[in-house]
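S.K.: Okay, here's the structure, questions in a sec.
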Amino acid sequence: QVTFVAPKERFVLGWGPEPALRVHREAARKDEEALILSGWLVSRRFIRLRVSNVGAETIPVHVTERVPVSEIEQVEITVDPQGTTGARTPDKDGFVTWDMTLPPHGRETLELTYTIRKRKAVTGL
């Protein structure tokens, strides 16, 4: 049974893990900084993904990472293209994607950097 999919909507099914593929994800956060006289707090987020193929065959890989999407004016989220592998930008839903082909015993490191600016009155982020 598949839940939360509208009739005739496309979706992806996973058939299990690829045994030769390894992914290590690290997330870091730089403490919030108050912008002088502006009422805004700034927080930077750093994501690093290390993707490895430990097998003897080439593997095509599609990686998706999601950044938050603000629905209110008091919160702004921007992706830093210089701190993001391939200068990728998110789509309207906040998904950043990379496609790659890993050779046997190959490795790739992907980085994503984004900034969250929020008004001091906003809590819960």
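Using this note's numbering, read the sequence shown as starting at 65 and increasing by one per residue.
Every residue gets a Cβ at the ideal spot worked out from N, C-alpha and C, and that includes glycine.
#1: Going residue by residue through the stretch 87-132, where are the continuous alpha helix (DSSP H) segments of at least 4 residues, counting only ones entirely within it?
#2: Less than 8 Å between the C-beta atoms of valine 115 and leucine 166, yes or no?
#3: Could you compute how far the alpha carbon of glycine 119 sits from the alpha carbon of alanine 84?
#4: Just to confirm, is the Cβ distance from arginine 86 to isoleucine 180 under 8 Å?
#5: Looking at threonine 173: is its Cβ nearer than 8 Å to the Cβ of arginine 89?
#6: Quick check: glutamate 129 and valine 160, are their CB atoms within less than 8 Å of each other?
#7: Classify lysine 182 as buried or exposed, calling it buried when 16 or more other Cβ atoms lie within 10 Å of its own Cβ.
#8: Since glutamate 135 sits in a beta bridge, which residues does DSSP pair it with?
M.R.: So, to answer that:
#1: none
#2: yes
#3: For glycine 119 and alanine 84, the distance between alpha carbons rounds to 5 Å.
#4: no
#5: no
#6: yes
#7: buried
#8: DSSP, once it has assigned bridges, lists no residue as partnering glutamate 135.
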